[in-house]
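*Asks:* Position in the sequence shown counted from 1, then plus 5, gives you the numbering used here.
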Amino acid sequence: MSLLLSDSVSDYSAYIVFVIIFLTLYLRQRSINSLPPGPTPLPIVGNVLSYGKTPYKRICEWAEKFGDIITLYQGPFRVVLWVNDGQLAIDMFQKQPDLFSQRNPVPFMTYNMAAEGSVVWENGPAWKARRRWMITALRHFGMGKRSLEVKIKTETDIFCQEAANYHSNPFNPQHIVNCAVANIICNIAFGDRYEYSDPEFQELLQNLLKFFKQCSLKNIEMHIPSIMSLPMFKHKALPAIYLTEFVRNQVKKHKETFDPENIRDITDRLLAEGEMCDKEEKKFFNPDVMWTSLLTIFVAGAETTSSTLMWFFIYMATYQEVQDKVRKEIDDVLDGRKPTMADQSSLPYFEATTYEVQRLGNIAGATLPHGNAQECVVKGYKIPKGTIINLNLYRIHTDPKYWDDPMTFDPSRFLIDDGKKVSKPKMFMPFGIGRRACLGESMAKMEIFLVMTNFFQRFKLIIPEGETLPDLDPLVGLTMSPKPFKVCAIPRE
């Protein structure tokens with residue numbers, strides 16, 4: 006009797022498991038049928054194992070096969086749509102901002118860093134209040150103003166001296182580029198700058214690079230961040246923890262020395278805002294929460310601009326004829342005096358070269374995930390509310406439908422009127438589009454312009470004798486940065 010009962014229970018359990026599996030697969034297939042097409046997902050893992058070593062290339066291959074908007078699965082139910090066409094991106098993110106301005110967190114990036122308080126990850130009234138405050142704070146501390154220009158030029162002089170210290174010998178410019186850009190951000194956000202040889206500063210930058218490299222679709226922790234709690238994976242959490250502690254310590258130090266009559270930087274401005282704002286908004290500006298927005302300023306501002314400058318170096322060293330034109334234009338227009346932002350409109354070839362570096366360098370292969378506030382229909386497909394939507398900038402910036410010979414480095418594609426003016430096509434969107442576009446765009450443009458014009462006024466950049474041309478395939482993480490390379494900075498007479 007007991008044996009029969011045991012068999013009956015066993016059969017019943019197996020039946021329940023079968024029903025659960027069947028319903029899971031049925032509901033999943035039903036959702037697949039209503040969404041845009043895409044590669045067939047595997048059970049449990051979805052498409053995660055199909056990205057390969059170069060996810061951006063694989064996604065572009067899928068775009069060629071399945072169309073302007075495709076569906077991928079990161080796990081059994083985490084649906085991610087990829088928008089692969091520029092006009093569709095404009096139709097969604099620019100023309101329907103109320104619908105497509107939601108932000109869906111990246112689990113790995115918020116696992117140790119938190120989403121609450123972040124101008125990047127929040128939604129609704131909290132995001133609007135913090136975004137408005139952040140734009141005002143950045144402008145107050147010089148974004149687009151003379152005061153920031155002076156800070157950048159000061160750091161640029163130090164940067165150029167560091168390059169000169171190599172005495173025309175081969176070197177990897179990554180360290181001094183990272184130091185210069187991070188110092189500009191640290192100055193604005195925390196009121197500090199560091200010597201390039203400072204060991205604590207070097208450790209900070211190393212952790213920043215490690216964190217960005219971890220943010221790749223090919224890494225398992227991107228999809229299952231909880232594995233970082235396991236002993237064998239705990240080391241993967243260390244870069245994020247280090248960056249978090251760095252920013253929180255900055256807030257703590259500022260609290261100890263805060264003087265409302267002497268606002269030194271953005272951190273001080275945050276502390277002041279928490280005291281001055283009305284009761285309703287005070288909850289939005291609690292420094293114990295909003296440190297995440299300060300972290301965003303530092304992490305995003307430091308790495309993305311650094312990678313852009315590194316691409317600038319690598320393309321100028323590779324394409325000497327372009328570099329010659331850049332240097333000639335700088336010489337002809339400036340006639341030996343130091344560049345200022347007022348000179349930007351007088352250097353169209355330099356600006357066009359910057360655009361081409363951003364287009365083909367593609368540091369942001371994709372935007373951070375958007376989401377839709379309501380259920381909607383896109384190109385005939387029903388998209389459930391809150392679906393993760395990625396904008397495939399790499400595909401848009403290399404789409405032959407919009408760019409002639411897209412894989413060729415050619416700044417002239419951005420020039421009109423016999424090279425006297427710069428034309429910015431609507432399909433060029435290196436800082437994203439819509440309400441979630443990069444807040445620091447103006448500051449990044451100032452840094453790129455002032456650092457690079459000053460550098461090429463003083464140096465000629467060449468590939469070391471006997472070295473092959475640098476590899477232009479990127480290292481893929483949260484951004485796409487150049488692989489390590491060496492150059493020689495030859496002082497100009």
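Here a beta-carbon is modelled for each residue, glycine too, at the ideal position from N, C-alpha and C.
1. May I have the straight-line CA-CA distance separating methionine 133 from serine 298, to the nearest angstrom?
2. On the premise that isoleucine 190 lies in contact with leucine 164, defined as a C-beta separation below 8 Å, what is that separation, rounded to the nearest angstrom?
3. CB-CB under 6 Å to threonine 403, same chain, minus the five flanking residues each way: which ones, in chain order?
4. Is it true that the segment 474 to 493 meets the segment 214 to 225, where meeting means three or more beta-carbon pairs spaced less than 8 Å apart?
5. Would you call the CB atoms of glutamate 334 and phenylalanine 355 closer than 7 Å?
6. With the cut-off set at 7 Å, would you say proline 374 and isoleucine 393 are in Cβ contact?
7. Hey, tyrosine 56 and proline 230: beta-carbon distance below 7 Å or not?
8. Apply the 10 Å Cβ neighbour rule to aspartate 329 and answer buried if 16 or more other Cβ atoms are within range, or exposed otherwise.
9. Helix, strand or coil: how does DSSP classify valine 84 here?
10. Return helix, strand or coil for cysteine 228, following the three-state DSSP convention.
11. For the 8 Å Cβ check, are there 3 or more pairs between the segment 84 to 91 and the segment 257 to 266?
12. What would DSSP say about tyrosine 386, mapped onto helix, strand or coil?
13. In this structure, does DSSP put arginine 108 in helix, strand or coil?
14. If distances are taken between C-alpha atoms only, which option among Ala347, Ile438, Ser447 and Leu300 comes closest to methionine 114?
15. In terms of alpha-carbon separation, which member of Leu214, Arg108, Gln207 and Thr45 lies closest to serine 312?
16. Can you give me the start and stop residues for the alpha helix (DSSP H) that threonine 301 sits inside?
17. Whole angstroms is fine: what's the gap from phenylalanine 105's alpha carbon to glutamine 179's?
18. Please list the terminal residues of the continuous alpha helix (DSSP H) segment that includes tyrosine 407.
19. Apart from the five residues on each side of it in sequence, which residues of its chain come closer than 7 Å, Cβ to Cβ, to isoleucine 495?
20. If we ignore side chains and look at the alpha-carbon of each, how far apart do methionine 451 and proline 102 end up?
21. With a CB to CB cut of under 6 Å and the five nearest residues on each side skipped, what residues in its chain are close to glycine 366?
22. Distance, Cα to Cα, leucine 235 vs glutamate 266?
23. Return yes when the Cβ of arginine 332 is within less than 7 Å of the Cβ of phenylalanine 461, no when it is not.
24. Evaluate aspartate 90 with the Cβ neighbour count: other Cβ atoms within 10 Å of its Cβ, from every protein chain shown; 16 or more gives buried, anything less gives exposed.
25. Taking cysteine 191 as part of the alpha helix (DSSP H), name the residues at either end of that continuous run.
26. Please classify phenylalanine 355: does DSSP put it in a helix, a strand, or coil?
27. Could you give the first and the last residue of the continuous beta strand (DSSP E) run that contains lysine 395?
28. Let's see if you can read the secondary structure: which residues bound the alpha helix (DSSP H) around isoleucine 468?
29. Quick one: using the 10 Å Cβ neighbour count with 16 as the cut-off for buried, is glutamine 166 buried or exposed?
30. Between the alpha carbons of isoleucine 388 and threonine 76, how many angstroms are there, rounded?
31. Let me know the secondary structure DSSP gives alanine 371 once reduced to three states.
32. Ends of the alpha helix (DSSP H) at cysteine 165?
33. Which class does threonine 76 belong to by DSSP, given the choice of helix, strand or coil?
34. Do alanine 194 and isoleucine 271 have their C-beta atoms closer together than 7 Å?
35. Taking the DSSP output, what are the residues bridged to alanine 494?
36. Proline 475 and cysteine 493: beta carbons closer than 7 Å?
*Replies:* In terms of the structure at hand:
1. Working through the sequence shown from its first residue, we reach residue 133 at position 128. Working through the sequence shown from its first residue, we reach residue 298 at position 293. Residue identity differs from the one stated: residue 133 is lysine in this sequence, not methionine. Our two residues, lysine 133 and serine 298, have alpha carbons roughly 13 Å apart in a direct line.
2. Within the sequence shown, the letter at position 159 stands for residue 164. Within the sequence shown, the letter at position 185 stands for residue 190. The sequence given here has phenylalanine at residue 164, not leucine. Wrong, their Cβ atoms sit about 14 Å apart, outside the cutoff.
3. Here residue 403 corresponds to residue number 398 of the sequence shown, with the count starting at 1. Contacts found: Pro411.
4. Yes, the segment 474 to 493 is in contact with the segment 214 to 225.
5. The count along the sequence shown starts at 1 and reaches residue 334 at position 329. The count along the sequence shown starts at 1 and reaches residue 355 at position 350. A contact, by the Cβ cut-off of 7 Å.
6. Here the question's residue 374 lines up with position 369 in the sequence shown. Here the question's residue 393 lines up with position 388 in the sequence shown. Yes.
7. Within the sequence shown, the letter at position 51 stands for residue 56. Within the sequence shown, the letter at position 225 stands for residue 230. No. Outside cutoff.
8. Counted from its first residue, the sequence shown places residue 329 at position 324. If you draw a 10 Å sphere on the C-beta of aspartate 329, you find fewer than 16 other C-beta atoms in it, and that means exposed.
9. Indexing the sequence shown from 1 puts residue 84 at position 79. DSSP places valine 84 in strand when its eight states are reduced to three.
10. Start at 1 with the first residue of the sequence shown, and residue 228 comes out as number 223. The displayed chain sequence assigns histidine, not cysteine, to residue 228. In the structure shown, histidine 228 sits in a helix (DSSP, three-state: H, G or I).
11. The segment 84 to 91 vs the segment 257 to 266: no contact.
12. The residue you call residue 386 lines up with position 381 of the sequence shown. Strand.
13. Locating residue 108 in the sequence shown gives position 103, counting from the first residue. In the structure shown, arginine 108 sits in a strand (DSSP, three-state: E or B).
14. Counting from one through the sequence shown, the residue named residue 114 turns up at place 109. Of the candidates Ala347, Ile438, Ser447 and Leu300, the residue whose Cα lies closest to the Cα of methionine 114 is Leu300.
15. Stepping through the sequence shown from its first residue, residue 312 is reached at position 307. Closest in alpha carbon position to serine 312, among Leu214, Arg108, Gln207 and Thr45, is Leu214.
16. Mapped onto the sequence shown, residue 301 falls at position 296. In the DSSP assignment, threonine 301 falls within the unbroken alpha helix (DSSP H) covering 292 to 323.
17. Indexing the sequence shown from 1 puts residue 105 at position 100. Indexing the sequence shown from 1 puts residue 179 at position 174. In a straight line, the C-alpha of phenylalanine 105 is about 36 Å away from that of glutamine 179.
18. Along the sequence shown, read from residue 1 onward, the residue named residue 407 stands at position 402. Premise fails: tyrosine 407 is in no alpha helix (DSSP H) and is neither H nor E.
19. If you number the sequence shown from 1, residue 495 lands on position 490. Cβ-Cβ distances below 7 Å link isoleucine 495 to Ser173, Phe464, Lys465 and Ile467 in the same chain, with the five nearest sequence neighbours on each side left out; the list follows chain order.
20. Within the sequence shown, numbered from 1, the residue matching residue 451 stands at position 446. Within the sequence shown, numbered from 1, the residue matching residue 102 stands at position 97. Looking at the two C-alpha atoms, the distance is approximately 27 Å.
21. Residue mapping note: residue 366 aligns to position 361 of the sequence shown, counting from 1. Trp316, listed in sequence order.
22. Translated into positions along the sequence shown, residue 235 becomes position 230. Translated into positions along the sequence shown, residue 266 becomes position 261. Rounded to the nearest angstrom, the gap between the Cα atoms of leucine 235 and glutamate 266 is 48 Å.
23. Looking up residue 461 in the sequence shown gives position 456. Looking up residue 332 in the sequence shown gives position 327. Going by C-beta atoms, phenylalanine 461 is nearer than 7 Å to arginine 332.
24. Stepping through the sequence shown from its first residue, residue 90 is reached at position 85. So aspartate 90 ends up on the buried side.
25. Along the sequence shown, one-based indexing puts residue 191 at 186. Note, cysteine 191: alpha helix (DSSP H), 179 to 195.
26. Counted from its first residue, the sequence shown places residue 355 at position 350. Phenylalanine 355: helix per DSSP, three-state reduction.
27. Here residue 395 is taken as the residue at index 390 of the sequence shown, counted from 1. First, the residue type needs correcting, since residue 395 is asparagine and not lysine in the sequence shown. From DSSP, the beta strand (DSSP E) with asparagine 395 extends over 393 to 396.
28. One-based indexing of the sequence shown puts residue 468 at position 463. Run containing isoleucine 468: none; DSSP gives neither H nor E here.
29. Sequence index remark: in the sequence shown, residue 166 carries index 161 (1-based). By the neighbour-count rule (16 or more Cβ atoms within 10 Å), glutamine 166 is not buried but exposed.
30. Taking the first residue of the sequence shown as position 1, residue 388 is located at position 383. Taking the first residue of the sequence shown as position 1, residue 76 is located at position 71. Roughly 10 Å separates the two Cα atoms.
31. Mapped onto the sequence shown, residue 371 falls at position 366. It is coil, neither helix nor strand.
32. If you number the sequence shown from 1, residue 165 lands on position 160. Counting along the chain, the alpha helix (DSSP H) containing cysteine 165 begins and ends at 151 to 169.
33. Along the sequence shown, one-based indexing puts residue 76 at 71. In the structure shown, the three-state DSSP call for threonine 76 is strand.
34. If you number the sequence shown from 1, residue 194 lands on position 189. If you number the sequence shown from 1, residue 271 lands on position 266. Contact: yes.
35. Locating residue 494 in the sequence shown gives position 489, counting from the first residue. Residue pairing for alanine 494: DSSP places it in a beta bridge opposite Leu466.
36. If you number the sequence shown from 1, residue 475 lands on position 470. If you number the sequence shown from 1, residue 493 lands on position 488. At the C-beta level, proline 475 and cysteine 493 stay beyond 7 Å of one another.
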